[in-house]
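Student:
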Amino acid sequence: MGLFVGGLLTGRRVWPRPPLLNGALLAVVYNLTVVVAFFIGSFLEILHEPLPGLPQGDSTFFFAWPLAQFVLATAGAAIGGRMSVKRKMEE
Amino acid sequence: MRIFITVIAVIAAIWVVPVFLSDDTGLKFGVSYRVLFTLFVMFAGFLFYLLGAPESKPFKSTARAVGSAGLVFVASIGAIVLLANLSPQFAFEGQASTGASSEDRGKAAFFDPGVGCFLCHVVETSGGTRGPDLTHVATVVETRRQGMSARDYLKESLVNPGAYVVPTFDNIMPPFGDRLSPEQLEDTLAYLMSLR
Amino acid sequence: MPPNVPLINDRLVLWVASELHLLFAAFVLGAPIFIVVCEYLGLKTRDQRYERLAKETMKIVAIAYSLTALFGGAMTFVLVGKYQEFSNFIFQRFYPVFGLYALLLLVESSLMYVYWYTWDALAGRKGLHISIGVLLNILGTLVMVLMNGVGSFMLTPPENPAAASVWQSLNNATWTGLNLHRFVANISFGGFMVALFASVMFLTSKKEEDRAFYDWMGYIGNFIGVAALVVLPVAGYVYTKEIFAYDATISTLLMADKLAWFFVIQGVLVGLLFLGAVYYMWLSIRRIEGGARFRTYIRGAIWVSLVGLAVWLIPQTFLPSLTADPTGPISEVTIPEKTIFLGLMPAKGLAVSAMVVVTAFVYLLYRQAIATGKMAWGRIDVKAQLVLTFLPAVAVFTMAFMGPIREMARGQWHIFQFMADKTPYSFITPLGYAAIVAGIITIVFFLLMGAIFWLGFKVGQH
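Residue numbers (our numbering), protein chains in the order written: chain E, 629 to 719; chain L, -2 to 193; chain H, -18 to 443.
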């Protein structure tokens, strides 16, 4: 959700340059940060097993979450850009 | 050149560092892993070399061009087939033994891929970990449920596994009542009862 | 090979016939999807290149179609001749399905010929021509879906298969997963094959304008191949999850027992595909004015993909199966304690997702570069054309390799837990053997495709 809104905001701000990239870049950076945090946490064995809210042995979350984030952030940026176009047209 | 030196340095580290690590660190990668990492680093080095390579001149003739494409094709497939053949291989499975005793036949059924018990249950060091360890199952389940003998418990587990699920395990065991003939069922129970 | 089993045996013949059928079928189903899309884009954008791409590819499809049917027939003959108990059951159970399949094939073939032969005649009525193409694709997909039902029934039949209805047999636990995975994989396959044609035509073109066109065609083919590729790990995961939900023993066989190392090799293959795709982008972006500034990002993407691939590849153990005895100390072949999490699904899932996300990101970068810079089609580094040979080779091999994984997941059953395979060939083949057979099938497939291609493009020109 946060990424979607973030994408929206950056999309509005950077128009007329194509905003897709910013949403995507946001998602990539965020995803990679969390992945690294997860790996470090697993290595140091400080993570809760299983992660809160997940059933034991579930791995769908780890597949679906990063992809969903990427799609949402990019879509958010695209929509944000389009909203910005409308706003600029009105000015 | 820089890439080559880096690759050599990393490979050296892969082979030298574990020697100085003790087993307690939990980080000591065995020989097989070091070989895997070495191959991987060599591949990465090759990839970075390609990234830095200057633009290639166009091919001098069509024959050379198509020949190069063909060579890339055959080499890629060949490399993968070679890798697959160098990877760990299991032996061709033999026929399940018929065995003289009920217990022997039960053991063959347990480890028979067509039945599949070992895929989820460990006995000694062989088997999977999705289900409970069965190495001493006959002793363990004797007092698991009030009024139920070990043999009855085991039979229920085979025929109706969902009736009682060991805590911390999921209810994923398929029922074997239909998969095993009555004789096989008895043989399997005989084997399980021998695991004290 | 175990003793008493000849090197060329019934199972091997069936293996080769069915895989060749599947590879050609994947092509004739996947390529028309984007042939029609390209035809539509050509109409919309008035860019003649789309029209040319669509038409040239359709020529290949039209010829490949008959080979698909030929191998399908060969496969059926082996089944009926050598696996009679199984064939009797399957053809009786699925009689209406096969009847419908035959009817749909008839209609589809006719439509395909109509689509191809009216291409020029309907040039003024593109809407109608495209509609025929859309219908062709719908029929093709239906045909595949029907056979997927039969194939998935073998692995995950409904409870009490003897008494199940045709619909229950068709609509089994893994029908949806298989449909999804194969549908997307076909598109990717079609894309990569088009990229291959383009690269061969590029390398053999004499004229600058032809090279410019084939460079563009290779890019489009590769783009489609990779776009579908990024969805495949998810589709594959959905499929495997359905298998796990149906019966955990099958998925344990796949991931922890004899087929575990098959998946390590699969990891290598998919990793090569992603890295190859990004490398192609690296080479491509050079020919765009102002594209060089994106190279740092691409390099970063390659680093992420390499780390992701390393994590994906790390096995829990080097033992080839759950019942194998280690020949040396167990610590040499098992993952160290503190790194166990690297061998489990969450780490693998994150690694794959990271690779997918950065690859998608690089493609977005590329679109940005095209939008803001000037593209010089035809001036691409020849290495890029070799990459476009590498990618289809690996993609086809992956498909040829995954086939036996799926079939051997059934173990010693023709129909899981219902009809046993009593032939001497019911064993799961070791990894090396399966890879060799897949390699031979891949090469045979490309030789046949090469012949079709030569027939379609070179013979006509002389």
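Using N, Cα and C, we set each Cβ at its ideal position, and we do this for glycine too.
Please read these numbers as outputs of a predicted model, since none were measured by experiment.
Quick check on L695 (chain E) - is its C-beta less than 8 Å from some C-beta in chain H?
Tutor: By 1-based counting over the first sequence, the position of residue 695 (chain E) is 67. By this cut-off, L695 (chain E) is an interface position.
Student: What residues in the segment 651 to 662 of chain E have a beta carbon less than 8 Å from any beta carbon of chain H?
Tutor: Going along the segment 651 to 662 of chain E in chain order, one finds A652, L653, A655, V656, N659 and L660 with a Cβ nearer than 8 Å to chain H.
Student: Within its chain, find whatever has a CB closer than 6 Å to the CB of A187 (chain L); leave out the 5 residues flanking it on each side and keep chain order.
Tutor: If you number the second sequence from 1, residue 187 (chain L) lands on position 190. Within the same chain, A187 (chain L) has close Cβ partners S99, E100 and G103.
Student: Give a yes or no on whether the minimum CB-CB distance between S670 (chain E) and chain H is below 8 Å.
Tutor: Position 42 of the first sequence, counted from the start, is the residue given in the question as residue 670 (chain E). Cβ-Cβ to chain H under 8 Å: yes for S670 (chain E).
Student: My output table needs one value for H133 (chain L): the three-state DSSP class, helix, strand or coil.
Tutor: Taking the second sequence and counting its residues from 1, one reaches residue 133 (chain L) at position 136. Looking at H133 (chain L) - three-state DSSP - the assignment turns out to be coil, as it is neither helix nor strand.
Student: Could you list which residues in chain H have their beta carbon closer than 7 Å to that of N82 (chain L), in chain order?
Tutor: Position 85 of the second sequence, counted from the start, is the residue given in the question as residue 82 (chain L). Those are G413 and A416, listed as they occur along chain H.
Student: How about L127 (chain H) and V175 (chain H): do their beta carbons lie closer than 8 Å?
Tutor: As a working note, residue 127 (chain H) is residue 146 in the third sequence. As a working note, residue 175 (chain H) is residue 194 in the third sequence. Contact: no.
Student: Could you run through the segment 310 to 331 of chain H and flag, in chain order, every residue whose CB is less than 9 Å away from some CB of chain L?
Tutor: P310, I311, S312, E313, V314, T315, I316, P317, E318, K319, T320 and I321
Student: What are the boundary residues of the alpha helix (DSSP H) that I396 (chain H) is part of?
Tutor: Residue 396 (chain H) sits at position 415 when you count from the first residue of the third sequence. Per DSSP, I396 (chain H) belongs to no alpha helix (DSSP H); it is in the beta strand (DSSP E), W394 to I396.
Student: Between which residues of its own chain and Y64 (chain H) is the CB-CB distance below 6 Å, once the five residues before and five after are set aside?
Tutor: Within the third sequence, numbered from 1, the residue matching residue 64 (chain H) stands at position 83. The beta carbon of Y64 (chain H) sits closer than 6 Å to none of the beta carbons in its chain outside the five residues before and after it.
Student: What does the alpha-carbon distance come out to for the pair A6 (chain H) and W435 (chain H)?
Tutor: As a first step, residue 6 (chain H) must be located in the third sequence, where it is residue number 25. As a first step, residue 435 (chain H) must be located in the third sequence, where it is residue number 454. The straight-line gap from Cα to Cα measures roughly 20 Å.
Student: Give me the Cα-Cα distance between M326 (chain H) and T688 (chain E), rounded to the nearest whole angstrom.
Tutor: As a working note, residue 326 (chain H) is residue 345 in the third sequence. As a working note, residue 688 (chain E) is residue 60 in the first sequence. Distance from the CA of M326 (chain H) to the CA of T688 (chain E), rounded to the nearest whole angstrom, comes to 9 Å.
Student: From the DSSP output, in three-state form, read off A154 (chain H) for me.
Tutor: Numbered from 1 along the third sequence, position 173 holds the residue referred to as residue 154 (chain H). The answer is coil: DSSP assigns A154 (chain H) none of H, G, I, E or B.
Student: Need the endpoints of the alpha helix (DSSP H) that P55 (chain L) sits in, please.
Tutor: Here the question's residue 55 (chain L) lines up with position 58 in the second sequence. Run containing P55 (chain L): none; DSSP gives neither H nor E here.
Student: Nearest CA to the CA of V9 (chain H): which residue from H:L81, H:V(-3) and H:T49?
Tutor: Counted from its first residue, the third sequence places residue 9 (chain H) at position 28. The option with the nearest alpha carbon to V9 (chain H) is H:T49.
Student: Determine the chain E residues that contact A335 (chain H) at a beta-carbon separation under 8 Å, and present them in chain order.
Tutor: Numbered from its first residue, the third sequence carries residue 335 (chain H) at position 354. Those within 8 Å of A335 (chain H) in chain E are N659, L660, V663 and P694.
Student: So I445 (chain H) packs on D196 (chain H), CB below 8 Å; how close in whole Å?
Tutor: As displayed, chain H neither begins before -18 nor continues past 443, which places residue 445 (chain H) out of reach and without an answer.
Student: Whose Cβ in chain E lies nearer than 7 Å to the Cβ of Y218 (chain H)?
Tutor: Position 237 of the third sequence holds residue 218 (chain H). Close partners of Y218 (chain H) in chain E (Cβ separation under 7 Å): F691.
Student: Given this structure, state the Cα-to-Cα distance separating L81 (chain H) from G53 (chain H), to the nearest angstrom.
Tutor: Start at 1 with the first residue of the third sequence, and residue 81 (chain H) comes out as number 100. Start at 1 with the first residue of the third sequence, and residue 53 (chain H) comes out as number 72. A straight-line Cα-Cα distance of about 16 Å links L81 (chain H) and G53 (chain H).
Student: Examine chain H for any beta-carbon lying closer than 8 Å to the beta-carbon of Q181 (chain L), and answer yes or no.
Tutor: The sequence position of residue 181 (chain L) within the second sequence is 184, counting from 1. No, Q181 (chain L) does not count as interfacial toward chain H.
Student: Going by C-alpha to C-alpha distance, which of H:L161, H:E140 and H:S150 sits closest to P172 (chain L)?
Tutor: In the second sequence, the residue the question calls residue 172 (chain L) occupies position 175. Out of H:L161, H:E140 and H:S150, H:E140 has the C-alpha closest to the C-alpha of P172 (chain L).
Student: Check for me: the alpha helix (DSSP H) holding Y406 (chain H) runs from which residue to which?
Tutor: As a position in the third sequence, residue 406 (chain H) is number 425, starting the count at 1. No alpha helix (DSSP H) contains Y406 (chain H), which DSSP labels as neither H nor E.
Student: Flag V162 (chain L) as yes when its Cβ comes closer than 7 Å to any non-hydrogen atom of the ligand FAD, and as no otherwise.
Tutor: With respect to the ligand FAD, the structure offers nothing, as it holds no ligand at all.
Student: By DSSP's criteria, I269 (chain H) is part of a beta bridge. Which residues make up the other side?
Tutor: Within the third sequence, numbered from 1, the residue matching residue 269 (chain H) stands at position 288. Partner(s): H:M356.
Student: Using the beta-carbon of each residue, which ones in chain H are nearer than 7 Å to S687 (chain E)?
Tutor: In the first sequence, counting from the first residue as 1, residue 687 (chain E) sits at position 59. Per Cβ cutoff of 7 Å: M326, P327 and G330.
Student: Closer than 7 Å by C-beta to F166 (chain L): which residues in its own chain qualify, once you throw out the five before and the five after it? Chain order, please.
Tutor: As a first step, residue 166 (chain L) must be located in the second sequence, where it is residue number 169. Excluding sequence neighbours, F166 (chain L) sits near G128 and P129.
Student: So, at 8 Å on beta carbons, what are the nonlocal neighbours of I245 (chain H) in its own chain, with the 5 sequence-adjacent residues on each side left out?
Tutor: Here the question's residue 245 (chain H) lines up with position 264 in the third sequence. In the sequence on display, residue 245 (chain H) carries Val and not Ile. Closer than 8 Å at the Cβ level, and outside the excluded window around V245 (chain H), lie L294 and P296.
Student: Expressed to the nearest angstrom, what Euclidean distance is found between the alpha-carbon atoms of L79 (chain L) and I417 (chain H)?
Tutor: Here residue 79 (chain L) refers to the residue found at position 82 when the second sequence is read from its first residue. Here residue 417 (chain H) refers to the residue found at position 436 when the third sequence is read from its first residue. Going by the C-alpha atoms only, they are around 9 Å apart.
Student: What residue does the alpha helix (DSSP H) around F204 (chain H) start on, and which one ends it?
Tutor: To locate residue 204 (chain H), count along the third sequence from 1; it is residue 223. Here the alpha helix (DSSP H) through F204 (chain H) covers E189 to Y227.
Student: Give me whichever residues DSSP pairs with A401 (chain H) in a beta bridge.
Tutor: If you number the third sequence from 1, residue 401 (chain H) lands on position 420. Partner(s): H:W394.
Student: Between H:L1, H:V181, H:M56 and H:E0, which lies nearest to S58 (chain L) when the distance is taken from Cα to Cα?
Tutor: For this step, residue 58 (chain L) is matched to residue 61 along the second sequence. Nearest option by C-alpha distance: H:V181.
Student: Could you compute how far the alpha carbon of L196 (chain L) sits from the alpha carbon of F667 (chain E)?
Tutor: Since the first residue shown for chain L is -2 and the last is 193, residue 196 (chain L) is missing from the structure and cannot be characterised.
Student: Fully enclosed by the segment 20 to 105 of chain H, which beta strand (DSSP E) runs are 3 residues long or longer?
Tutor: none
Student: Within 8 Å (strictly less), CB to CB, does R(-1) (chain L) reach chain H?
Tutor: Residue numbering aside, residue -1 (chain L) sits at position 2 when the second sequence is read from its first letter. Judged by the 8 Å Cβ criterion, R(-1) (chain L) is not in contact with chain H.
Student: When we look at the beta-carbon of S19 (chain L) and count the other beta-carbons within 10 Å, is it buried (16 or more) or exposed?
Tutor: Residue numbering aside, residue 19 (chain L) sits at position 22 when the second sequence is read from its first letter. S19 (chain L) comes out exposed.
Student: So for T22 (chain L), helix, strand or coil by DSSP?
Tutor: Translated into the one-based positions of the second sequence, residue 22 (chain L) becomes position 25. The answer is helix: DSSP assigns T22 (chain L) an H, G or I state.
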